[in-house]
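Colleague: When we follow our numbering, the leftmost residue of the sequence shown carries the number 1, and every step to the right adds one.
Before we start, here is the structure in question, set down as structure tokens.
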Amino acid sequence: MTFTPLSDADGRIRHVFFALPAYDDEFTLPILSCLRGIREALGSDVRCTIMHHPAQASAVQESLGSLGPLDIITWQHGFVLRLRDTVSKLEGRTLRITKLALPDFTNWVQDAFLVAIDASGQPLIWASPRVEREYGGWDDEVVRQLTAHLGWPSAVLPFGLEAGNVLVDQVSILLGAAVRAGATDAEWQQLNDRVSLSPIPDPRSAIRDPQSAIRNRTVRVCVPGLPQPVFHIDLYVTLAGVHPATGRPLALVGSIRQALALVGEEDSADDTDAGLNAVADYLVTAGYTVERLPLLPFINPQMKKPAHFSYNNCLVEIWRDAVGSTRRRVTLPVYGNEGGPLDALDRAAAGIWEGLGFEVKAARGEFALVAELYGSVRCMTKVLERADRM
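Right, here's the structure in full:
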């Protein structure tokens, strides 16, 4: 039986998965506010499965319980420090730990697994054998508990692969360059054998024969041989069905220069923006029509590393409604809750999506704060099921 990865655009979202960690009180409620914002934007007929600690049960019910079907997985392990995730060395008989690991899971549920479906729509979870986190954590245990809770079959991917570095549309399985760089030749071949049956010479042919596209997506490494401009591809690329004017596959790519102009900052675009331009050029060569979205970097005040206000990190839905009309919808984060420059970014990004024929649903919450943790809407939402696919 052949399984293919669930598309990031094709079909209306019917079931999502969230996780609410509790290792840092400063972020627990802001994360929950973002989950509520996503939940409200998706609609009350979408099923929501959420994992949380017992102490957060009341807060979760109060925030999400009235918004539609809610399915709870209660985390039972507490907070456990795993030595494998620490940085340590043995000095005589003393184990000296120089960096502690995170004793909890994170809210970034996107990364630990891929959802695949067969021709009849039956699901399968492809779990990553490891989930890389700078400070460790229990995200690998999250997917094991989710799989058991849903009763879905599962399989293990041939190597550690973060799904934030994987995008799927009607013609491509698009991978960040770091995925290929982190795999041996044998592992890479195993991945290709699993997720791609045969290449499509011309991506436009998939539009004429969508059933062929489902069977024959091409695995593409986005700008192979060059470093990624941002650590996960879903922070700077979105695959969004078919361009309404050209009829070609549509991709949206982040632009730092565009974002700086919108917020009135001096043009200081650097190697990151050059890398984003290379991504856009690569996708055009691959047969896509490319549009650009603002992508604004900022420095995380604690980690001292750049994070981003991203409008690529969103949820896309394209489906046929009951009368056969094509519907397009995107759920975007709102960063400018208090107005100011971020509000200008929000409005500009929404306008770009609307110009491409999408209904824009605003996910409101403390996304500007949670962006300091290096993610946004797609990072914290795992789509488990879609319906009414094109």
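Built from N, CA and C at the ideal position, the CB exists for glycine as well.
Mark H392 as exposed unless 16 or more other C-beta atoms lie within 10 angstroms of its C-beta, in which case mark it buried.
Modeller: Limits of the chain in this structure are 1 at one end and 390 at the other, which puts residue 392 out of reach.
Colleague: Once DSSP output is grouped into helix, strand and coil, what is the label at E187?
Modeller: E187: helix per DSSP, three-state reduction.
Colleague: Does the distance from the CB of L296 to the CB of V263 come in under 8 Å?
Modeller: yes
Colleague: With distances taken from CA atoms, which of D193, L146, L157, D118 is nearest R130?
Modeller: L157
Colleague: For the putative contact between L444 and A183, defined by C-beta atoms under 8 Å, what is the C-beta separation to the nearest angstrom?
Modeller: Only positions 1 to 390 of the chain appear in the structure, and residue 444 is not among them; the question remains open.
Colleague: Pick out whichever of G241, P123, W126 has its Cα sitting closest to the Cα of A168.
Modeller: Residue identity check: residue 168 is Val in the sequence provided, not Ala. It is G241 whose Cα lies nearest to the Cα of V168.
Colleague: On the three-state DSSP scale, how would you describe Q302?
Modeller: When secondary structure is reduced to three states using DSSP, Q302 falls in the coil class, being assigned neither helix nor strand.
Colleague: Report the start-end ranges of each alpha helix (DSSP H) in the stretch 140 to 187 that is 4 residues or longer and not cut off at the edges.
Modeller: 177 to 181
Colleague: At 4 residues or longer, what runs of the alpha helix (DSSP H) sit wholly inside the stretch 42 to 118?
Modeller: 57 to 64
Colleague: In angstroms with no decimal places, state the Cα-to-Cα distance between K382 and L260.
Modeller: 30 Å
Colleague: Can you give me the Cβ contacts of R133 inside the same chain, cut-off strictly under 6 Å, excluding the 5 residues immediately before and after it?
Modeller: Closer than 6 Å at the Cβ level, and outside the excluded window around R133, lies no residue.
Colleague: When you compare the CB positions of W108 and C379, do they come within less than 8 Å of one another, or not?
Modeller: yes
Colleague: In this structure, does DSSP put R347 in helix, strand or coil?
Modeller: The DSSP-derived three-state label of R347 is helix.
Colleague: Look up L342 in the DSSP assignment and say whether it is helix, strand or coil.
Modeller: If DSSP states are grouped into helix, strand and coil, L342 belongs with the helices.
Colleague: Out of L252, H232, P30, D267, which one is the CA nearest neighbour of A9?
Modeller: Distances from the alpha-carbon of A9 to those of L252, H232, P30, D267 put L252 closest.
Colleague: Within 10 angstroms of the Cβ of I299, are there 16 or more other Cβ atoms? Answer buried if so, exposed if not.
Modeller: exposed
Colleague: Assign I125 to one of two classes, buried (16 or more other C-beta atoms within 10 Å of its C-beta) or exposed (fewer than that).
Modeller: buried
Colleague: Helix, strand or coil: how does DSSP classify V242 here?
Modeller: strand
Colleague: To the nearest angstrom, how far is it from the Cα of P103 to the Cα of F309?
Modeller: 27 Å
Colleague: Count the other CB atoms, across all protein chains shown, that sit within 10 Å of the CB of D202; report buried if there are 16 or more and exposed otherwise.
Modeller: A caution first: D202 carries a pLDDT of 37, below 50, which makes its placement in the model too unreliable to give a value.
Colleague: Less than 8 Å between the C-beta atoms of R82 and S88, yes or no?
Modeller: no
Colleague: For A387, collect the residues of the same chain with a Cβ closer than 8 Å to its Cβ; drop the 5 residues on either side in sequence, then sort them by chain order.
Modeller: Excluding residues within five positions, the ones whose Cβ falls inside 8 Å are G11, R12, R14, W319.
Colleague: In angstroms with no decimal places, state the Cα-to-Cα distance between D25 and S58.
Modeller: Just so you know, the alpha carbons of D25 and S58 end up roughly 15 Å apart.
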